[in-house]
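Residue numbers (our numbering): -17 to 234.
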């Protein structure tokens, strides 16, 4: 929408222009999203018992995947993604774009429409029913917040060689999980069943997205360390210890 475009320009232009006009040596790190790749219907996908899998891309989606802005969210993030890259190409600013997969961790107040891993954990702890859009076999590679912060630190350390670059940043194949599999993991950790139901698919929802982290590994030596099993348990136990916070902010 025009409102979204105006907001992008309002937020990014002052920062980019301030850096350009002052010849700033600051580093601009932009958190983009895997949604800039669209619904990925052009990629071969196979359905198995509890998930969808990428048939021909065992290491995941790389930065060479064509952009396909799909949905207002994808368009707005994608436009900002390109603005940041152009400020590096045209003006030589030190910018880096992270096309991030699903980020999760403690202190995340997830809701049904944003932060699904955290929302599943919160709803499970409070005994709230979970609604799954689609069949639940959608797969994402989830990345624990500590690993993302390390990636940002590594980029700053290597800023002279990575400026102007774009990186897919996610949990990778080893930390991929479907919605149904996350439900099962939470049930195992809690020792009880979780109420859930199914509803219609969301327009443009990717059946599977897994980040190929190879470029980040080669350029600045980063790869995720926290397993999905360990990360989800850390998140779940934090929610259990801090129930009053969710009631205070109105998430529950």
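Note that the Cβ used here is the ideal one computed from N, Cα and C, for glycine as well.
ask   = Is DSSP giving residue 76 helix, strand or coil here?
value = Strand at residue 76.
query = From 61, 110, 148, pick the residue whose C-alpha is nearest to that of residue 52; which is it?
reply = The option with the nearest alpha carbon to residue 52 is 61.
query = Opposite residue 93 in the DSSP bridges: which residues?
reply = DSSP output for residue 93 lists 96 as bridge partner(s).
message = I need the boundaries of the alpha helix (DSSP H) containing residue 127, first residue and last residue.
response = Where residue 127 is concerned, the enclosing alpha helix (DSSP H) stretches over 127 to 139.
inquiry  = Taking the beta carbon of residue 185 as the centre, do at least 16 other beta carbons fall within 10 Å, making it buried, or is it exposed?
reply    = Residue 185 is exposed by the Cβ-count criterion.
message = Check for me: the alpha helix (DSSP H) holding residue 208 runs from which residue to which?
response = Note, residue 208: premise wrong, no alpha helix (DSSP H); not H, not E.
key: Whole-angstrom distance between residue 201 and residue 143, CA atom to CA atom   = Cα atoms of residue 143 and residue 201: separation of roughly 8 Å, rounded to the nearest angstrom.
ask   = The alpha helix (DSSP H) with residue 198 in it runs from where to where?
value = Annotation for residue 198: the continuous alpha helix (DSSP H) segment containing it runs 196 to 202.
inquiry  = In this structure, how does DSSP classify residue 189 when only helix, strand and coil are distinguished?
reply    = Coil at residue 189, not helix or strand.
ask   = Where DSSP assigns a beta bridge to residue 147, which residues make up the other side?
value = Beta-bridge annotation (DSSP): residue 147 is paired with 78.
task = Using the Cα positions of residue 114 and residue 33, report the straight-line distance between them to the nearest angstrom.
result = Rounded to whole angstroms, residue 114 to residue 33 spans 14 Å at the Cα level.
query = Which one or two residues does DSSP pair with residue 34 in a beta bridge?
reply = Residue 34 is bridged to 29.
ask   = Taking one C-beta from the region 97 to 106 and one from the region 55 to 69 each time, how about it: are there three or more such pairs within less than 8 Å?
value = No, the region 97 to 106 does not touch the region 55 to 69.
query = Quick one: is residue 183 buried, meaning 16 or more other Cβ sit within 10 Å of its Cβ, or exposed?
reply = Exposed.
query = What's the call for residue 49, buried or exposed, on a 16-neighbour Cβ count within 10 Å?
reply = Counting C-beta atoms within 10 angstroms of its own C-beta, residue 49 has fewer than 16 neighbours from the protein chains shown and is therefore classed as exposed.
When 164, 121, 140 are compared against residue 152, the one with the closest alpha-carbon = Closest by alpha carbon: 121.
query = Looking only at C-alpha atoms, which of 18, 13, 81, 219 sits nearest to residue 187?
reply = Residue 187 has its Cα closest to that of 18, out of 18, 13, 81, 219.
query = With a Cβ-Cβ cutoff of 8 Å, do residue 205 and residue 195 count as a contact?
reply = Contact flag set, yes.
query = Would DSSP call residue 123 helix, strand or coil?
reply = Note: residue 123 maps to strand in three-state DSSP.
message = Closer than 8 Å is the cut-off here; do at least three beta carbon pairs connect the region 168 to 180 with the region -6 to 13?
response = Not touching, per the Cβ criterion.
task = Answer with buried or exposed for residue 20, where buried requires no fewer than 16 other C-beta atoms within 10 angstroms of its C-beta.
result = Its Cβ being crowded by 16 or more others within 10 Å, residue 20 is buried.
message = For residue 46, count the other beta carbons within 10 Å of its own beta carbon; 16 or more makes it buried, fewer makes it exposed. Which is it?
response = With fewer than 16 other Cβ atoms from the protein chains shown falling within 10 Å of its own Cβ, residue 46 counts as exposed.
message = Assuming contact is defined by CB atoms lying nearer than 8 Å, are residue 67 and residue 148 in contact in what I supplied?
response = Yes, the pair counts as a contact, with Cβ atoms nearer than the cut-off.
task = With distances taken Cα to Cα, identify the nearest neighbour of residue 128 among 93, 74, 217.
result = Checked all of 93, 74, 217; the closest Cα to residue 128 is 217.
inquiry  = Taking the alpha-carbon of residue 89 as reference, which of 229, 221, 230 has the nearest alpha-carbon?
reply    = Ranking 229, 221, 230 by Cα distance to residue 89 puts 221 first.
query = Excluding the five sequence neighbours on either side, which residues of its own chain have a C-beta within less than 6 Å of the C-beta of residue 76, listed in chain order?
reply = Only 9, 141, 145 meet the Cβ criterion.
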